[in-house]
Amino acid sequence: MKLECVRERLSAQLSKIDKIPSKNANLPILSCILISARKGELVLRATNLDVGVEVSLPAHVDIEGSVAVPAQMFSSLISQLKGDKSVVLESVEGNVKVSCGGVVSVVKGLSPDDFPVIPEVDSVASTTINPESFTKGILSVSFAASQSQVKPELASVYVYSLDESLVFVSTDSFRLAEKKVKIKNAADFNPVIIPSKNVADIARVLAGVDEDVVVCFDKSQIQFKSNSFIFVSRVIEGTFPNYAQIIPKEYSTEAIVLKSEFIEALKTSSLFSDKFNQIKMIISPSEKKFETQVKNGDIGEIISRIHTSLSGEDVELSFNQRYITDSMQAISSDSIVLSFVGATKPLVMRGVGDKTFLYLVMPMNK
Amino acid sequence: MSDQKKLWDSVLGSVELQVSKANFNTWFKDTYILKNDDGIIYVAVPNAFVRDWLFNKYHKCILKSLRDYGGDIRSVEYVITRSEQKKETDLPKKQEVGELPLQEPIINKDDNLNPRYVFESFVVGPFNELAHAASQAVIKKPGIAYNPLFIYGDTGRGKTHLIQAVGNHLKNHSNQRVIYITSEKFVVEYVNALQSNKINQFKEKYRKYDVFIMDDIQFLSGKEKSQEELFHLFNTLYDNNKQILFSSDRHPNYIDNLEARLKSRFSAGMTVDISAPDHESRIAILKTKIKTVGINLTDDVIDFIASNVDSNIRELEGTFNSIVVQSQLKGRTLNLIEVKNLIKDSSKPKKALSVKDVVKTVSGYYNIAEESIYEKTRKKEVVKPRQVIMFILRENLSISYPSIGEKLGGRDHTTVIHSCEKIKGDIKIDQKLAQEIEHIKSLLF
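Protein sequence lines correspond, in order, to chains A and B. The numbering of the first sequence is this note's numbering, which starts it at 0 and goes up by one. The numbering of the second sequence is this note's numbering, which starts it at 2 and goes up by one.
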């Protein structure tokens, strides 16, 4: 194998995939990326047997061929080379010789034959989507997915189509995030459950892609494909819980707060939180006040009064502060509506004037 | 089925010899034979990577080994299957579990009552029928019939269930304001109120209820100020004919460091105990549980659980729940052997008790020197414990009279007979002695 390509482009493509190979796989080949030179292009492949990705970039190829090299090592090397605009990769007895400007290095390689094949998706259905909208949608909710793998469908993001939009949902059974994104061809999108740990990889690969991407589905996988990359992720076979029933239809108390002020109050309060992160909210339209309260026997306590417009009945409840803070990055409006149904029912948070995002948190038991 | 497993094990064995350990673990873990369809073997693999890899790299090797061990095999197909349990998830039961993703807190925050505790789910047997009858009387005439109602018994016997059921019933049917609180929480709130100078609000708060329920009263032991507060609260509520219910793990008279005026008040209404459930009651409890969950268990399995998990209803429920989860996972009814396996940890083997253990515990309980039991002394404070020891050895360990006598310092067997008969007779008249022996037994067994 021998080829020459633009250093910055190689570095950019590598940074999209170098997080995928597992760091401490018991099979060394799984921590590698596969470099192949084909007619006029350089193809990079990485996989951890849960997701698989293939990206390509234009290159001047002298001799075709391929070799596998440790991902972290190779990616760091390329990103640190500064000498010249172009870089030359050449395989020498199974190793890769990298030359750029005055620097010549040899990276030990492994046999390309041992590198796993990235599975084809037997395309049952396919559609095209806008990658930017998709990334935005899935990143808005993936934080709410469960960390534990006990129920795989809860450690995932559920994506389905509804009236011209894609709906993204995750829940860990204590809170739930839902984001609707208008997207063309939404109706052709098959409902899928994507493991949340693959979401970051999807976002990285889709970042900066400005053309529409083809999405294919089969029973156990989803594939994203364009001219410059192919990405395959496992999907969860199972049913996502029917969550519509737990979203309250009516509210008894509503508070509208300024997002920046609310974040400020939460941040200061968090200094006092105990290991349960409990924060108490006292919403009293009758006294025209909205307070947050954190008490900690060891440290002390803090009460913050927040400017707000209130309506409805008085209510007092406690939450896990982290669950509330988590949602802030997903709310884009500068004011937030907090809606309550009572002391034991979930709190619903939305941005003012933003119908696309909804966040639901269960109160804590006393 | 086991033939297929055997066949696949042999195939894996021969593959393992040819590839490195890391390779083997990565590609062959979680594979198994799904079915053998007339010479075509379907191999289950966890994901598409493994499917493609096995097909591309190891197909020939697998096919060869399969033919070596399994004879007439035409070809091999690879099928993605999530895991062995996946096959059973199609059962309807599993679906129900996923239906409610968010757990609404079940306990009502205003009165701390758990709506699950109702009379409908309370199984009445000889061991608790008096307590049940008393609480029924309380429901009919709250504040008048038995005030206060004091229920005691060992942990896991259903005290909390019973007093909460009274609370739930009065709340739902007669619209009474009910408060349920544990004594520990009462103390914490009292201390907080003291710290923040809100003692008056604290007093107000509890005086407004129609029904006051306090659980695990024994934890008030030694908390003098809280006891005093409770005493005043008790008087106010009592004078206004509000119903009061208490639970504890022992009779009020045996709670240490409890003020005498509280003790006498606790005993003023009705004091009932819940003893250990008998075998038939345990079966009845299990059958009620089975009905609510809706699974099948054969009678011999129920009988087995009931006879192995005795004394404690909470443990009984725990054991039952683990059986339910197991059978949901397996998607079928468990048989006796599986159940035996499952509960071998939760049913504790009977401790082998020696005479020395009994002597040690009893002398410790009565606070006398262990040696004095074996001596010839006839001091009053030694005689009674010695008789109690003989009684327990005879009744519970079934040791013969002569050998009891011999072991306790060479006494005649007629002495032993006399002691046992005496205690047996005394228990019937002397409530205090009966309590003491119950207590000693709970320490021993």
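Even for Gly, the Cβ is constructed at its ideal location relative to N, Cα and C.
With 16 other CB atoms within 10 Å as the buried threshold, where does V97(A) fall?
Walking along the first sequence from the start, residue 97(A) turns up at place 98. Counting Cβ neighbours within 10 Å, V97(A) comes out buried, since at least 16 surround it.
Could you check which residue in R37(A), K84(A) and D49(A) has the C-alpha nearest to that of E63(A)?
Walking along the first sequence from the start, residue 63(A) turns up at place 64. Taking only the C-alpha atoms, the option nearest E63(A) is R37(A).
Please name the residue in E407(B), I180(B), V179(B) and F203(B) whose C-alpha comes closest to that of V189(B).
What you label residue 189(B) is simply residue 188 of the second sequence in a count that begins at 1. V189(B) has its Cα closest to that of F203(B), out of E407(B), I180(B), V179(B) and F203(B).
Residue range of the beta strand (DSSP E) that includes S169(A):
What you label residue 169(A) is simply residue 170 of the first sequence in a count that begins at 1. First-last of the beta strand (DSSP E) with S169(A): S164 to T170.
Compare the Cα-Cα distances from D311(B) to each of S276(B), K331(B) and T362(B) and report the closest residue.
Taking the first residue of the second sequence as position 1, residue 311(B) is located at position 310. Ranking the options by Cα distance to D311(B), first place goes to S276(B).
State yes or no: is the beta carbon of F50(B) nearer than 9 Å to at least one beta carbon in chain A?
Mapped onto the second sequence, residue 50(B) falls at position 49. Interface residue, yes.
Check the Cβ of V116(A) against every Cβ in chain B and list those closer than 8 Å, keeping chain order.
As a working mapping, residue 116(A) is identified with position 117 in the first sequence. Going along chain B in sequence order, the residues near V116(A) (Cβ under 8 Å) are F50, D53, W54 and N57.
When DSSP builds the beta bridges, which residues end up paired with D38(B)?
Locating residue 38(B) in the second sequence gives position 37, where the first residue counts as 1. I41(B).
Do the CB positions of L109(A) and V52(A) come within less than 9 Å of each other?
Against the first sequence, residue 109(A) aligns to sequence position 110. Against the first sequence, residue 52(A) aligns to sequence position 53. Cβ distance not < 9 Å, so L109(A) and V52(A) don't count as in contact.
By DSSP, does E131(A) sit in helix, in strand, or in coil?
Locating residue 131(A) in the first sequence gives position 132, counting from the first residue. In the structure shown, E131(A) sits in a helix (DSSP, three-state: H, G or I).
Taking the alpha carbon of E290(A) as the point to measure from, which residue in S308(A), G296(A), D171(A) and D297(A) has its own alpha carbon closest?
For the purposes of this step, residue 290(A) is identified with residue 291 of the first sequence, where counting begins at 1. Checked all of S308(A), G296(A), D171(A) and D297(A); the closest Cα to E290(A) is S308(A).
When you compare the CB of A366(A) with every CB in chain B, is at least one pair closer than 9 Å?
Here chain A comprises residues numbered 0 to 365, so residue 366(A) is not present and cannot be evaluated.
Under 9 Å between C-beta atoms, does L357(A) make it to chain E?
Absence of chain E from the displayed structure is noted, the protein chains being A and B.
Contact with chain A by I214(B), beta-carbon distance below 9 Å:
Residue numbering aside, residue 214(B) sits at position 213 when the second sequence is read from its first letter. No, I214(B) lies away from the interface with chain A (no Cβ there is under 9 Å from its Cβ).
With K248(A) as the anchor, note down where its beta strand (DSSP E) starts and where it stops.
Counting from one through the first sequence, the residue named residue 248(A) turns up at place 249. Here K248(A) belongs to no beta strand (DSSP E), and DSSP marks it neither H nor E.
Just mark K279(A) as buried or exposed, buried being the case when its beta carbon has 16 or more other beta carbons within 10 Å.
Numbered from 1 along the first sequence, position 280 holds the residue referred to as residue 279(A). Answer is buried; the Cβ neighbour count reaches 16.
Taking 9 Å as the threshold (beta carbon to beta carbon), is Q277(A) in contact with chain B?
Position 278 of the first sequence, counted from the first residue, corresponds to residue 277(A). So no, Q277(A) is outside the interface.
Are the C-beta of Q220(A) and some C-beta of chain B separated by less than 9 Å?
Here residue 220(A) refers to the residue found at position 221 of the first sequence. Answer yes: the Cβ-Cβ gap between Q220(A) and chain B drops below 9 Å somewhere.
Opening and closing residue of the beta strand (DSSP E) in which Y159(A) lies:
Counting from one through the first sequence, the residue named residue 159(A) turns up at place 160. Segment S155 to L161, the beta strand (DSSP E) holding Y159(A).
Does Q86(B) get closer than 9 Å to chain A when you measure Cβ to Cβ?
Stepping through the second sequence from its first residue, residue 86(B) is reached at position 85. In this prediction, Q86(B) scores a pLDDT of 44, lower than 50, which makes its location untrustworthy; the coordinate-derived value is nonetheless stated afterwards. No - not a single Cβ of chain A is within 9 Å of the one on Q86(B).
Below 7 Å on C-beta distance, what does N26(B) contact in chain A?
Walking along the second sequence from the start, residue 26(B) turns up at place 25. Per Cβ cutoff of 7 Å: N25.
Three CB pairs or more closer than 8 Å across the stretch 232-245 of chain B and the stretch 134-152 of chain B
yes
Mind pulling the chain A residues with CB within less than 8 Å of I81(B)?
Indexing the second sequence from 1 puts residue 81(B) at position 80. Those are K218 and S219, listed as they occur along chain A.
So, does the CB of K172(B) fall closer than 9 Å to a CB anywhere in chain A?
For this step, residue 172(B) is matched to residue 171 along the second sequence. No, K172(B) lies away from the interface with chain A (no Cβ there is under 9 Å from its Cβ).
Considering only the beta carbon of each residue, do H174(B) and I140(B) sit closer than 9 Å?
For the purposes of this step, residue 174(B) is taken as the residue at position 173 of the second sequence. For the purposes of this step, residue 140(B) is taken as the residue at position 139 of the second sequence. For H174(B) and I140(B), yes; Cβs fall inside 9 Å.
Starting from M280(A), trace the beta strand (DSSP E) in both directions and tell me its first and last residue.
Here residue 280(A) refers to the residue found at position 281 when the first sequence is read from its first residue. Where M280(A) is concerned, the enclosing beta strand (DSSP E) stretches over Q277 to S283.
Along chain B, which residues have their Cβ under 7 Å away from the Cβ of L48(A)?
Residue 48(A) sits at position 49 when you count from the first residue of the first sequence. Those within 7 Å of L48(A) in chain B are N48 and F50.
Taking the alpha-carbon of K18(A) as reference, which of Q71(A), D297(A) and V351(A) has the nearest alpha-carbon?
On the first sequence, residue 18(A) is found 19 positions in, with the first residue counted as 1. Measuring from the Cα of K18(A), the nearest candidate turns out to be Q71(A).
CB contact check: K423(B) to chain A, cutoff 9 Å:
Position 422 of the second sequence, counting from 1, holds the residue named residue 423(B). False, the Cβ-Cβ gap to chain A never drops below 9 Å.
Within 9 Å, strictly: CB atoms of N197(A) and S225(A)
Locating residue 197(A) in the first sequence gives position 198, counting from the first residue. Locating residue 225(A) in the first sequence gives position 226, counting from the first residue. Not closer than 9 Å, so no.
What is the rounded straight-line gap between the Cα of Q96(B) and the Cα of Q327(B)?
Counting from one through the second sequence, the residue named residue 96(B) turns up at place 95. Counting from one through the second sequence, the residue named residue 327(B) turns up at place 326. Any reading at Q96(B) needs caution, since the residue's pLDDT is 30, under 50, leaving its predicted position unreliable; the model's value is listed next. Roughly 15 Å between the two C-alpha positions.
Tell me the rounded alpha-carbon separation between E78(B) and L205(A).
Reading the second sequence from its first residue, position 77 is the one you call residue 78(B). Reading the first sequence from its first residue, position 206 is the one you call residue 205(A). Distance between the alpha carbons of E78(B) and L205(A): 34 Å.
Can you give me the C-alpha to C-alpha distance between E92(A) and V54(A), rounded to a whole angstrom?
On the first sequence, residue 92(A) is found 93 positions in, with the first residue counted as 1. On the first sequence, residue 54(A) is found 55 positions in, with the first residue counted as 1. Taking the straight line from one Cα to the other gives about 25 Å.
So, helix, strand or coil for E89(B), using DSSP?
Here residue 89(B) refers to the residue found at position 88 when the second sequence is read from its first residue. Any answer about E89(B) is weak, because its pLDDT of 34 lies below 50 and its placement is not dependable; what the coordinates show is given next. Note: E89(B) maps to helix in three-state DSSP.
C-beta neighbour in chain B for L43(A), strict 9 Å:
Indexing the first sequence from 1 puts residue 43(A) at position 44. No - not a single Cβ of chain B is within 9 Å of the one on L43(A).
Closest Cα partner of V102(A) within the set K84(A), T324(A) and N25(A):
On the first sequence, residue 102(A) is found 103 positions in, with the first residue counted as 1. Considering only alpha carbons, the answer is K84(A).
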